[in-house]
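Sequential numbering from 7 applies to the sequence shown in the working numbering.
The C-beta atom is built at its ideal place from N, Cα and C for all residues, glycine as well.
Comments concern the structure below.
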Amino acid sequence: MKTTIKYTLVLVLSSVFHFISGAQTSSEPSDYELYSTVNWRNLGPNRGGRSCAVAGVPEKPNLFYFGATGGGVWKTSDGGRSWDNISDGYFGGSIGSISVAPSDPNVIYVGGGEKTVRGNVSYGYGMWKSVNAGKTWQKSGLPNSRHISRIRIHPINPDIVFAAVMGDLYKDTSERGVYKSIDGGKTWRKVLYSNASSGAVDLLIDPTNHRIMYANTWTIRRTPYSLSSGGEGSAMYKSTDGGETWIDISKNEGLPSGTWGISGVAVSPLNGERVWAIIENDKGGVYRSDNGGETWNKLNDKRALRQRAWYYTRIYADTKDENTVYVMNVRYHKSTDGGKSFSANRAPHGDHHDLWIAPEDPNRMIIGDDGGAQVTYDGGETWSTYHNQPTSQFYRVTTDNHFPYRIYAAQQDNSTIRIAHRTTGWSISENDWEGTAGGESAHIAIDPEDNDIVYGGSYDGFLTRRNHRTGDIRAINVWPDNPMGHGAEGMKYRFQWNFPIFFSKHNPNRL
7 MKTTIKYTLV LVLSSVFHFI SGAQTSSEPS DYELYSTVNW RNLGPNRGGR
57 SCAVAGVPEK PNLFYFGATG GGVWKTSDGG RSWDNISDGY FGGSIGSISV
107 APSDPNVIYV GGGEKTVRGN VSYGYGMWKS VNAGKTWQKS GLPNSRHISR
157 IRIHPINPDI VFAAVMGDLY KDTSERGVYK SIDGGKTWRK VLYSNASSGA
207 VDLLIDPTNH RIMYANTWTI RRTPYSLSSG GEGSAMYKST DGGETWIDIS
257 KNEGLPSGTW GISGVAVSPL NGERVWAIIE NDKGGVYRSD NGGETWNKLN
307 DKRALRQRAW YYTRIYADTK DENTVYVMNV RYHKSTDGGK SFSANRAPHG
357 DHHDLWIAPE DPNRMIIGDD GGAQVTYDGG ETWSTYHNQP TSQFYRVTTD
407 NHFPYRIYAA QQDNSTIRIA HRTTGWSISE NDWEGTAGGE SAHIAIDPED
457 NDIVYGGSYD GFLTRRNHRT GDIRAINVWP DNPMGHGAEG MKYRFQWNFP
507 IFFSKHNPNR L
């Protein structure tokens, strides 16, 4: 089956301007009219970037949406064979959540700001709403929310909507917690607040009783060199009056004591008494309650389910089997015995962040991961491709002095790449891209005297040199090799995720 690609979001080829303007002297003013006839073109690559927000539509088997951390909102009407961007011109950037109204598939809410709080995390610009299935959008409040991790819409009334707001990750703020709107997003009221350091990270309406809700709060702080997860304010809450009031259930019998970090929650659509939670804690793991959260049992503390908790920690209940539950992590994990044991499963990409399961058919799902979004109709046996989503998240773009000049970039959770700005063929395809030095988080420096020798960085101070003529690649890490030879007290002085490297303009041998 032929896969089509519909381009609406292009890779911004800023290197064109960099290349041309580099020839100007500082005393010459920029002549923007010179560039008035320059047109943008998509060079690719068409492999997707990270997505932590996906949604489908019940009874519409080919209709799905996903939000990219750097590419806005996308829609497919053919089951993932092709994708269209539907947010350009309205909003873009980092998307944290998407929800389609169960009672009206034309009503969609989108929340800005991803939940995956890594060193390159990007914030969003509040809530947006569409009433025509994404054709047009309007602002819908919460402009200072920064990170909206979940949106839940009332199953009968699309004007009643809830938002889980994480807030600013870098400082204390009162703009956190669970917000509720009863007028379709025109106004919002805070209904759950933990403290100035703890935001709402997960939120759920009981599918069997829409007056019952669960919410998870998380104490999280980012700095340029560190991440702190957990502390006072991290908890799990329950509401029995439609989100008006909440009780803290994180100290209920069977749940772990001590410091909580991030947590997630799921309820079986077949049995509202069956509630799962995945919890970051010294005694963390997957817990289950069979009496609506009154008491709990720890079922599984497998490390593969809870590693790097701040990046994952999502749990989902199957829509037709109360014993089937999914946990997102590097792989996505599935249990068919109520959470006692899990099997690891592969999608086309790794690092999974979100999952939507069709209410009428649990074999129809869409998953969001560090490669974008993929669709399955057979319960995960096969998936659609992510090589049709130009949502690549690039850290830096640079060029060399070769003719034709070549463009270099590092793509999040994929690789570093280079491509000549033009080829001898009819078009530039993914086959024209080639790997270069460094890793996903690289800054790239090209030897000014030999453009086939490239230096690229990666996380943890990893640095490589690649000779494109010979194919030789070798590590040239700065000593001490992280993490060896460095005490724990020096953690904050270690290399950041993407550290800069460059050649001296005065000495081509000085890197």
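In the pairwise beta carbon analysis, the stretch 271-279 is classified as not touching the stretch 246-258: fewer than three pairs are separated by under 8 Å. Residue state for Y332 is assigned as strand, using DSSP reduced to three classes.
Across the set G467, T397, D438, the C-alpha of T397 shows the shortest separation from the C-alpha of I101. Within the same chain, and ignoring the five residues on either side of R158 in sequence, the residues whose Cβ sits closer than 6 Å to its Cβ are F168, L209, I211. Comparing C-alpha distances from G441 to each of I434, R424, T430 shows the shortest one belongs to R424. Leaving aside the five residues that flank R320 on each side, the residues in its chain whose CB is nearer than 6 Å to its CB run, in chain order, G270, M334. Our two residues, Y401 and A416, have alpha carbons roughly 6 Å apart in a direct line. By the Cβ-count criterion, T325 is buried, with 16 or more other Cβ atoms from all chains shown falling within 10 Å of its own Cβ. Cα atoms of V106 and V137: separation of roughly 10 Å, rounded to the nearest angstrom. Counting along the chain, A310 sits inside no beta strand (DSSP E); it lies in the alpha helix (DSSP H) bounded by residues 309-312. About 28 Å separates the beta carbon of G445 from that of S433, a gap too long to meet the 8 Å contact definition.
Of the candidates W134, A310, F348, the residue whose Cα lies closest to the Cα of G356 is A310.
Going by DSSP, K340 is part of the beta strand (DSSP E) stretching over 338-341. A Cβ-Cβ contact shorter than 8 Å links H449 with F505.
Assigned with DSSP and collapsed to three states, E279 falls in strand. Shown here for R352: same chain residues with a beta carbon closer than 7 Å to its own, the five before and five after excluded, namely R337 in chain order. The continuous beta strand (DSSP E) containing V106 extends over residues 101-106.
The way I'd put it, the stretch 40-53 doesn't touch the stretch 80-89; fewer than three beta-carbon pairs between them come closer than 8 Å. Rounded to whole angstroms, V113 and P368 show a C-alpha spacing of 23 Å. Per DSSP, D466 lies in no beta strand (DSSP E) and is assigned neither H nor E. Between I373 and V79, the gap from beta carbon to beta carbon reaches 8 Å or more. Going by beta carbons, T193 and S187 fall inside the 8 Å limit.
A residue is called buried when at least 16 other Cβ atoms come within 10 angstroms of its Cβ; N215 does not meet this threshold and is exposed. In this structure, the alpha-carbon of S42 lies about 40 Å from that of Y176. Straight across, the Cα-Cα distance linking L361 with A443 is about 34 Å. For A379, the enclosing beta strand (DSSP E) starts and ends at 378-382. Closest in C-alpha terms to Y199, from the list W282, E238, D307, comes E238. In the structure shown, N306 falls within a strand segment according to DSSP collapsed to helix, strand and coil. In summary, P514 is exposed, with fewer than 16 beta-carbon neighbours lying within 10 Å of its beta-carbon over all protein chains present. Distances from the alpha-carbon of P230 to those of A206, D466, D456, N126 put N126 closest. Separation of I363 and D478 (C-alpha to C-alpha, rounded to the nearest whole angstrom) is 46 Å. As computed with DSSP, E259 is found in a beta bridge with T301. Per the coordinates, the alpha-carbon of R312 lies some 38 Å from the alpha-carbon of F508.
One thing to note: Y185 has its Cβ no nearer than 8 Å to the Cβ of A221.
With respect to A139, P111 sits close: the two C-beta atoms are nearer than 8 Å.
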